[in-house]
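Undergrad: I am attaching a structure below and will ask some questions about it afterwards.
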Amino acid sequence: MATLQFPHYHTFDELTAYLRDVAAQHPDLARLDSMGRSYEGRDLWVMTLTNTRTGPDTEKPAYWIDANIHAGEITGGATALWTIDHLVRHFGQDSPDGHEVTWLLDRFAFYIAPRLSPDGTEAFLTGERHVRSSLRPYPFSDDREGLYPHDIDGDGRMLQMRVPDPKGPWRASDTDPRIMRRRRFDDREGPFYQVYPEGLIRDFDGYTVKPAPVKHGLDLNRNFPFDWAPEGQQRGAGPYPASEPETRAIAEFFSTHRNINGVQSYHTYGGVILRPYASRPDDTFPTHDLRVYQLLGDRGTELTGYPHTSVHHGFRYDPKANLHGGLFDWLYDSLGLFAFANELWDVVSAAGIGEKDKAGILKRDFIAWPRTHPEEDDLKLLKFNDEHNLQGFEAWRPFDHPQLGAVEIGGWDYRRFWGVAPLKFLPDLAERNARFTLAHAAASPLLNWKLIEVHALDGGLWRVVGVLENAGFLPTHTTAKALERQAVDPVRVRVTPGPGAALVSGEATQDIGHLDGRSGTATDAGGSTQERKLEWVIHAPAGGRVTVEAVGQRAGVARADVALD
Numbered sequence: 001m002a003t004l005q006f007p008h009y010h011t012f013d014e015l016t017a018y019l020r021d022v023a024a025q026h027p028d029l030a031r032l033d034s035m036g037r038s039y040e041g042r043d044l045w046v047m048t049l050t051n052t053r054t055g056p057d058t059e060k061p062a063y064w065i066d067a068n069i070h071a072g073e074i075t076g077g078a079t080a081l082w083t084i085d086h087l088v089r090h091f092g093q094d095s096p097d098g099h100e101v102t103w104l105l106d107r108f109a110f111y112i113a114p115r116l117s118p119d120g121t122e123a124f125l126t127g128e129r130h131v132r133s134s135l136r137p138y139p140f141s142d143d144r145e146g147l148y149p150h151d152i153d154g155d156g157r158m159l160q161m162r163v164p165d166p167k168g169p170w171r172a173s174d175t176d177p178r179i180m181r182r183r184r185f186d187d188r189e190g191p192f193y194q195v196y197p198e199g200l201i202r203d204f205d206g207y208t209v210k211p212a213p214v215k216h217g218l219d220l221n222r223n224f225p226f227d228w229a230p231e232g233q234q235r236g237a238g239p240y241p242a243s244e245p246e247t248r249a250i251a252e253f254f255s256t257h258r259n260i261n262g263v264q265s266y267h268t269y270g271g272v273i274l275r276p277y278a279s280r281p282d283d284t285f286p287t288h289d290l291r292v293y294q295l296l297g298d299r300g301t302e303l304t305g306y307p308h309t310s311v312h313h314g315f316r317y318d319p320k321a322n323l324h325g326g327l328f329d330w331l332y333d334s335l336g337l338f339a340f341a342n343e344l345w346d347v348v349s350a351a352g353i354g355e356k357d358k359a360g361i362l363k364r365d366f367i368a369w370p371r372t373h374p375e376e377d378d379l380k381l382l383k384f385n386d387e388h389n390l391q392g393f394e395a396w397r398p399f400d401h402p403q404l405g406a407v408e409i410g411g412w413d414y415r416r417f418w419g420v421a422p423l424k425f426l427p428d429l430a431e432r433n434a435r436f437t438l439a440h441a442a443a444s445p446l447l448n449w450k451l452i453e454v455h456a457l458d459g460g461l462w463r464v465v466g467v468l469e470n471a472g473f474l475p476t477h478t479t480a481k482a483l484e485r486q487a488v489d490p491v492r493v494r495v496t497p498g499p500g501a502a503l504v505s506g507e508a509t510q511d512i513g514h515l516d517g518r519s520g521t522a523t524d525a526g527g528s529t530q531e532r533k534l535e536w537v538i539h540a541p542a543g544g545r546v547t548v549e550a551v552g553q554r555a556g557v558a559r560a561d562v563a564l565d
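1 is the number of the first residue of the sequence shown in full-length UniProt numbering; add one for each residue after it.
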């Protein structure tokens with residue numbers, strides 16, 4: 001069996017080798033495909049997982065998982081790999097996990113893309129540099145003047161620099177001088193500091209320190225067609241929607257795999273389950289869709305311990321600014337899929353900071369906390385770092401900067417402590433979040449022939465009665481938004497008489513619309529639109545056969561071969 005090295009953050013070659021081993025050793029469960037290539041030519045791998053003995057992936061409802069659309073958020077990629085390992089390792093086992101996994105893979109398909117930004121992630125893992133997504137130069141092709149990140153002391157880490165300055169906005173804490181606190185407006189007793197990222201200043205004039213414009217500023221998660229905005233309004237958006245090979249590959253995959261109902265994108269950090277919209281309030285949702293999002297989010301909170309919110313209401317960087325061109329907004333509003341983005345790893349809650357509600361879920365303003373949290377929170381974080389030996393903070397030490405002169409280097413290692421889950425916490429984090437994805441996948445619509453009856457009539461005629469049902473939670477169109485966008489074809493039913501048999505009455509092929517799932521609103525009034533009765537008359541000799549087939553783009557294929565006797 002393919003062995004996943006875990007906990008571990010995989011380079012591209014390690015990831016590729018593992019995925020190929022899984023596909024080679026589990027040919028009935030796993031298939032590895034490349035949906036395209038990155039800017040630098042790396043494969044964008046997608047692992048398809050389903051029990052092919054119960055049907056191909058394209059005839060089953062499907063669920064999508066992706067990670068690392070943001071290069072440095074490698075905790076998500078590790079969680080996606082853990083999910084692959086969990087599914088192939090437990091399939092067919094006589095255990096609770098085995099029963100769950102087998103039930104899922106018999107009925108559904110999973111498409112898992114563990115690395116959507118392989119170029120930037122490789123640069124991050126190898127210590128080369130930290131970019132948002134792609135390595136394609138954007139919005140500038142050249143290096144601009146200003147301060148740029150650089151490991152100036154050669155210790156393999158990029159921390160902060162503090163420089164004494166009477167007008168500086170920072171001061172050392174009176175409780176613990178390692179901690180830097182914002183200077184109060186009436187502070188007059190220094191010393192005060194400027195705090196910069198560790199780095200060098202390109203074209204330094206001897207006086208002015210300003211940040212250099214980012215050379216690799218593309219954000220693939222701002223490059224999707226829905227509500228796209230240009231660079232002046234949305235940083236990292238790219239020159240036009242889906243301008244990048246990575247985003248085009250994703251769009252092409254979804255256009256050719258219309259059986260997908262749900263999506264999980266993994267990000268870091270914050271410890272929160274995010275959903276659409278990023279740019280619109282909740283009252284713009286169809287009632288059904290908002291209710292389902294809340295139900296799914298509640299289940300996610302139970303399984304992960306993370307609260308859930310829309311980006312617009314709970315995760316905007318600026319309360320007066322919206323985010324544009326995001327993946328899950330496009331997937332929901334244009335394609336009608338229930339899409340989530342989990343922000344994995346939350347060092348704040350891990351350190352025991354913040355108030356919790358009655359259910360034990362942390363209550364926090366995810367965006368305001370970094371700017372407004374009290375000093376005691378920093379002390380708790382330092383204690384947490386020391387107790388677990390995480391090496392997430394470096395004491396300030398003098399350094400002779402080649403341009404600024406005497407500075408001190410130290411502070412938080414954001415890459416090691418904040419943005420990436422320490423390895424000791426990774427297994428629990430991966431398991432909790434993966435279980436949410438499996439629960440979400442199980443909510444998919446699922447066509448099934450509830451019954452098929454055959455009644456003998458005179459003259460070699462047979463009346464065939466079928467009741468088609470949606471045995472899933474979601475309707476066969478997934479969302480009300482999908483109906484509004486006409487993103488899903490109606491369920492189609494076909495009848496094919498066998499040799500010597502002929503269809504006398506009833507339609508050989510008919511579109512029957514859609515079937516509600518348990519989430520549907522019709523059941524709230526005491527009725528049911530979860531099933532549909534159909535009838536045909538067939539002329540055939542005794543012992544003849546007929547095949548009835550129902551095809552739902554997102555609800556799978558239900559097929560039955562019926563003996564006429």
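All C-beta atoms in this analysis are idealised placements derived from N, C-alpha and C, irrespective of residue type, glycine included.
Assuming Tyr277 and Thr268 form a contact by the criterion Cβ under 8 Å, report the distance between their Cβ atoms to the nearest whole angstrom.
TA: Counting from one through the sequence shown, the residue named residue 277 turns up at place 277. Counting from one through the sequence shown, the residue named residue 268 turns up at place 268. Between Thr268 and Tyr277 the Cβ distance is about 22 Å, and since that is not below 8 Å, they are no contact.
Undergrad: Residue 595 to His90, Cα distance in whole Å?
TA: What is shown of the chain runs 1 to 565, which leaves residue 595 out entirely.
Undergrad: Measure the alpha-carbon distance for Gly92 versus Val101 and round it to whole angstroms.
TA: Here residue 92 is taken as the residue at index 92 of the sequence shown, counted from 1. Here residue 101 is taken as the residue at index 101 of the sequence shown, counted from 1. Looking at the two C-alpha atoms, the distance is approximately 8 Å.
Undergrad: Starting from the C-beta of Thr58, find all residues in its chain whose C-beta is less than 7 Å away, skip the five residues before and the five after it, and write them out in chain order.
TA: The residue you call residue 58 lines up with position 58 of the sequence shown. Excluding sequence neighbours, Thr58 sits near Asn259.
Undergrad: In its own chain, which residues sit with a C-beta less than 7 Å from the C-beta of His514, not counting the 5 before and 5 after it?
TA: Reading the sequence shown from its first residue, position 514 is the one you call residue 514. The answer, listed in chain order, is Pro475, Thr476, His477, Pro490, Val491.
Undergrad: How do the stretch 419–435 and the stretch 213–220 stand: do at least 3 beta-carbon pairs fall below 8 Å, yes or no?
TA: Because the criterion of three Cβ pairs below 8 Å is not met, the stretch 419–435 and the stretch 213–220 do not touch.
Undergrad: Just list the residues that DSSP pairs residue 652 with in beta bridges.
TA: Outside the modelled stretch of the chain, which goes from 1 to 565, sits residue 652, for which no answer is possible.
Undergrad: Less than 7 Å separating the beta-carbons of Ser444 and Asn322?
TA: The residue you call residue 444 lines up with position 444 of the sequence shown. The residue you call residue 322 lines up with position 322 of the sequence shown. Not a contact, by the Cβ cut-off of 7 Å.
Undergrad: Between Trp45 and Ser38, which are expected to be in contact by the criterion C-beta below 8 Å, what is the C-beta distance as a whole number of angstroms?
TA: The sequence position of residue 45 within the sequence shown is 45, counting from 1. The sequence position of residue 38 within the sequence shown is 38, counting from 1. Contact doesn't hold; Cβ gap of about 11 Å is too wide.
Undergrad: Could you have a look at Thr372 and say whether DSSP puts it in helix, strand or coil?
TA: Indexing the sequence shown from 1 puts residue 372 at position 372. Correct three-state label for Thr372: helix.
Undergrad: Three Cβ pairs or more, each shorter than 8 Å: is that satisfied between the stretch 446–457 and the stretch 23–34?
TA: Flag = no, the stretch 446–457 and the stretch 23–34 do not touch.
Undergrad: Could you please give the first and the last residue of the uninterrupted beta strand (DSSP E) stretch that includes Leu447?
TA: By one-based count along the sequence shown, residue 447 stands at place 447. From DSSP, the beta strand (DSSP E) with Leu447 extends over 447–456.
Undergrad: Report buried or exposed for Arg53, applying the criterion of at least 16 other Cβ atoms within 10 angstroms of its Cβ.
TA: Start at 1 with the first residue of the sequence shown, and residue 53 comes out as number 53. Flag for Arg53 reads exposed.
Undergrad: Using the Cβ count rule (16 or more neighbours within 10 Å means buried), how would you classify Ala441?
TA: Sequence index remark: in the sequence shown, residue 441 carries index 441 (1-based). Under this definition Ala441 is a buried residue.
Undergrad: Taking Leu125 as part of the alpha helix (DSSP H), name the residues at either end of that continuous run.
TA: Looking up residue 125 in the sequence shown gives position 125. 118–125 is the span of the alpha helix (DSSP H), which, as asked, contains Leu125.
Undergrad: So for Gly232, helix, strand or coil by DSSP?
TA: Walking along the sequence shown from the start, residue 232 turns up at place 232. The answer is coil: DSSP assigns Gly232 none of H, G, I, E or B.
Undergrad: Would you check if the distance between the CB atom of Phe185 and the CB atom of Arg171 is smaller than 7 Å?
TA: In the sequence shown, counting from the first residue as 1, residue 185 sits at position 185. In the sequence shown, counting from the first residue as 1, residue 171 sits at position 171. Going by C-beta atoms, Phe185 is not nearer than 7 Å to Arg171.
Undergrad: Using CA coordinates, which residue listed in Asp378, Arg435, Pro211 is at the minimum distance from Leu303?
TA: What you label residue 303 is simply residue 303 of the sequence shown in a count that begins at 1. Looking at the Cα atoms, Arg435 is the closest of the given residues.
Undergrad: I want to know whether the stretch 393–404 touches the stretch 150–166 - three or more CB-CB distances under 8 Å.
TA: Touching, yes.
Undergrad: Quick one: using the 10 Å Cβ neighbour count with 16 as the cut-off for buried, is Phe140 buried or exposed?
TA: Residue numbering aside, residue 140 sits at position 140 when the sequence shown is read from its first letter. When all chains shown are included, Phe140 counts as exposed.
Undergrad: Put Tyr293 into one of helix, strand or coil per three-state DSSP.
TA: Mapped onto the sequence shown, residue 293 falls at position 293. It is helical.
Undergrad: Alpha carbon to alpha carbon, how far is Arg299 from Leu274?
TA: Residue 299 sits at position 299 when you count from the first residue of the sequence shown. Residue 274 sits at position 274 when you count from the first residue of the sequence shown. Near 13 Å, if we compare the C-alpha coordinates of Leu274 and Arg299.
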